[in-house]
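Everything below concerns the one structure shown next.
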Ligand SMILES: *Cc1c(COP(=O)(O)O)cnc(C)c1O
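Residue numbers (this note's numbering): 534 to 961.
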C-alpha cells in the first residue's frame, strides 16, 4: 500500500520534513484531543438532558410558531455556552448579522459603545457607519449610536493591570457607554486572539470600571477551542456564525446569540420584530443539521486545530513567520502565515483551493467582497458556501501578504492540502 505522501508524489526529502513537523506537534495535538473530549461530553449531557428525539428533526414553515426542535436547539446552545437563553436561527445570515442584531437590539440613540480590542472586524464597518459611503444606510451612526475603539490587547497579554485600568478609565470619561465590545478572534488584523484566560482577566477589570455596561463578545472562531466559553468567564452576551465552529460543518447557514435572557430577547426583536422576538422563525428543515452539527462541533474544531498546529510547525520550519506558533495557547482556530509577497500568497491560496473536495479546478483570484474595503482572495473548496470550519484560506491583498488559514473538518485532508501547498512554495 502506498502511504499518503507517495499518493501525492512528494519527494522523499519533503516527506521527511512533513514527518518531522508532525512529530513536533504530537503532544500539542494530544492536548487538543483532550479539550475536544471534554467538550464532547458537555454536548452529550445537554442532548440527554434536553431529551432530543427523532421528532425534533421535524420542521415548521410560515410563522414558525411552536417549533419544538428549534426550541431544543436553543436550550442546548444556552446550556453548553453557559447562558440563560439562546437565539439560533438560519435567518441570521452571517456572523456579522448576529452581531449587528445585538448592537441594534441593545443600544439606543445617544448611547455609545466601547470596543476594547481595537477596530471591530471589517464587515462591521458598514454597520457602524465608519465607511465613506455609509451615510443614510441605516448604520448605527445614522441612529446617533457612536463607538470608541481602544486597543488593550498588549495589556491583556502581558497582564498589565495598571495600563489596562488606565486606558479603561480614560475611555470612561465619555458619557453614555452602555456596552463593552470584545472581539475574541483576530479578524484580518495581525493581532493575537484572546484565550479564555485573557477574556477572564479582561472582563474582571472591565467590570470594575464599567459596572453597569453590558459585556458583549464577538465569539467567531472561538467556540470549543477551550473547555470554557466567554459567558463562563463573565460576559453577558456572545454571538457567532454557524458556518464556523458551532455548525460542525453540517449547518447549511445561520448564526447564534447566547446570554442573559433579557438581552437575547432584545436582539431577537431586531432579527424579527419587537413583540414577535424569539417566538417566530420557521426552521425550514434545518433542525436536523443544526443539531447534528452542534453535536459534532467539538470533534471538528479539534480536527481543525490539529491542522492549524501542523501548519504552524511546518511553515515555521520552512522559514516563514507564523502566528500563533505551534506550541502557543490558542484563542481561535485561525492560523496566520506571512508570505511577504503577493505572488506567494496567491500561489498558496491557489494550492489550497486545488486540494479541496469541491471546486478543485477553480482558481481563486483577489476580488471585491461585500462588506470588505480591500480586495480579498479566498480559497474555499467547501460544501457550504463560505464555510470556514472547512479548510479555507483567505487574505486581504495588501502587505505583509499574510494568509488567514482555517484548517478543515478532517485533519488528514488539511495535512495533505497544507503540505502540498508548502511543496509548491519551496525551491525544488
Ligand atoms: C467571521 C467573523 C465575523 C463574522 O463574519 P461573517 O462572514 O459575517 O460571518 C465577525 N468577527 C470576526 C472576528 C470573524 O472572524
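Note that CB positions come from ideal geometry on N, CA and C, so glycine has one too.
Checklist entry - For residue 631, which three-state DSSP category applies? => result Residue state for residue 631 is assigned as helix, using DSSP reduced to three classes.
Checklist entry - Can you give the Cα-Cα distance for residue 893 and residue 941, rounded to whole angstroms? => result 15 Å
Item to check | As assigned by DSSP and simplified to three states, the class of residue 670 | outcome: coil
Checklist entry - Are there 16 or more other CB atoms within 10 angstroms of the CB of residue 581, so buried, or fewer, so exposed? => result Residue 581 is exposed by the Cβ-count criterion.
Checklist entry - Using the beta-carbon count (16 or more within 10 Å), is residue 717 buried or exposed? => result buried
Checklist entry - The alpha helix (DSSP H) spanning residue 654 covers which residue range? => result That residue, residue 654, is in no alpha helix (DSSP H); it is neither H nor E in DSSP.
Next on the checklist: Can you list, in chain order, the residues of its chain with a C-beta nearer than 7 Å to that of residue 605? Leave out the 5 residues immediately preceding and following it.
Outcome noted: 583, 585 and 589
Item to check | Cut-off 6 Å between Cβ atoms - residues of its own chain near residue 647, not counting five sequence neighbours on either side | outcome: 681, 704, 710 and 713
Checklist entry - Grouping DSSP H, G and I as helix and E and B as strand, with all else coil, what is residue 764? => result Looking at residue 764 - three-state DSSP - the assignment turns out to be helix.
Checklist entry - What runs of the alpha helix (DSSP H), each 4 residues or longer, lie entirely inside the segment 858-899? => result 875-887
Checklist entry - Does any CB atom of chain C fall closer than 8 Å to the CB of residue 686? => result Considering every chain present, this structure includes no chain C. It has just one protein chain.
Checklist entry - Does the distance from the CB of residue 825 to the CB of residue 783 come in under 8 Å? => result yes
Checklist entry - At a cut-off of 7 Å, is residue 819 close to ligand 1 when judged by its beta-carbon and the heavy atoms of the ligand? => result no
Checklist entry - In its own chain, which residues sit with a C-beta less than 7 Å from the C-beta of residue 572, not counting the 5 before and 5 after it? => result The residues are 757, 760 and 831.
Checklist entry - Which class does residue 524 belong to by DSSP, given the choice of helix, strand or coil? => result It is not possible to answer for residue 524, since the shown part of the chain is limited to 534 through 961.
Checklist entry - ligand 1 heavy atoms versus the CB of residue 627: any closer than 7 Å? => result yes
Item to check | Rounded separation between residue 610 and residue 627 - CA only | outcome: 17 Å
Checklist entry - For residue 937, which three-state DSSP category applies? => result Shown here, residue 937 sits in a strand according to DSSP, grouped into three states.
Next on the checklist: I want to check one thing, is the minimum distance from the CB of residue 753 to the heavy atoms of ligand 1 below 7 Å?
Outcome noted: yes
Checklist entry - Between residue 955 and residue 938, which are expected to be in contact by the criterion C-beta below 8 Å, what is the C-beta distance as a whole number of angstroms? => result 11 Å between Cβ atoms; not a contact.
Item to check | Which residues DSSP lists as bridging residue 929, in chain order | outcome: 909
Item to check | Close beta carbons around residue 914, own chain, < 7 Å, minus the five adjacent residues each side | outcome: 886, 889, 890, 891, 892 and 893
Next on the checklist: Tell me the rounded alpha-carbon separation between residue 752 and residue 918.
Outcome noted: When only Cα atoms are considered, residue 752 and residue 918 end up about 20 Å apart.
Next on the checklist: Given the structure, does residue 656 come close to ligand 1, in the sense that its CB is under 7 Å from one of the ligand's heavy atoms?
Outcome noted: yes
Item to check | Nearest-angstrom beta carbon gap, residue 798 and residue 813 [assumed within contact, 8 Å] | outcome: Incorrect: roughly 13 Å between the Cβ atoms, too far for contact.
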